[in-house]
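Enquirer: Sequential numbering from 3 applies to the sequence shown in the working numbering.
If you scroll down you'll find the structure; I have some questions about it.
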Amino acid sequence: MTEDNKTKKALILETAREIGAEKWTAAEIDQLRRRMIADHGEEAKTGADYIAEVLKTAGLKISLKKSLKICCTSRRLGMQR
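Written as structure tokens, this is what we have:
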């Protein structure tokens, strides 16, 4: 499969394998999201909630204590948790 033909789901799973986290917290999911954009450009941009759902569907451990949207939005706005 060439990079142009990869779906976002495939990119998420590939990037997750590269990162290799045992448990996916909001911080690891945000790291994955940023890495996808850095490696594949703006077309790889996707929401943290979708990334978490893809990882969960693939059987990876997700450990979230609160909504990803709230967590990631707060970081972008420079707010503390």
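Using N, Cα and C, we set each Cβ at its ideal position, and we do this for glycine too.
So the alpha helix (DSSP H) glutamate 20 belongs to, where does it begin and stop?
Expert: Note, glutamate 20: alpha helix (DSSP H), 10-21.
Enquirer: What's the gap between the Cα of leucine 66 and the Cα of alanine 50?
Expert: So the alpha carbons of these two residues sit roughly 11 Å apart.
Enquirer: What separation, rounded to the nearest whole angstrom, lies between the Cα atoms of isoleucine 64 and alanine 40?
Expert: So the two alpha carbons sit approximately 23 Å from each other.
Enquirer: Output yes or no for whether 8 Å exceeds the beta carbon distance between isoleucine 21 and isoleucine 53.
Expert: No.
Enquirer: Does DSSP put lysine 58 in a helix, in a strand, or in coil?
Expert: Here lysine 58 sits in helix by DSSP.
Enquirer: Where DSSP assigns a beta bridge to lysine 25, which residues make up the other side?
Expert: For lysine 25, which the question treats as bridged, DSSP gives the partners Lys63.
Enquirer: Does threonine 59 pass the burial test, meaning 16 or more other C-beta atoms within 10 Å, or should it be called exposed?
Expert: With fewer than 16 Cβ atoms within 10 Å of its Cβ, threonine 59 is classed as exposed.
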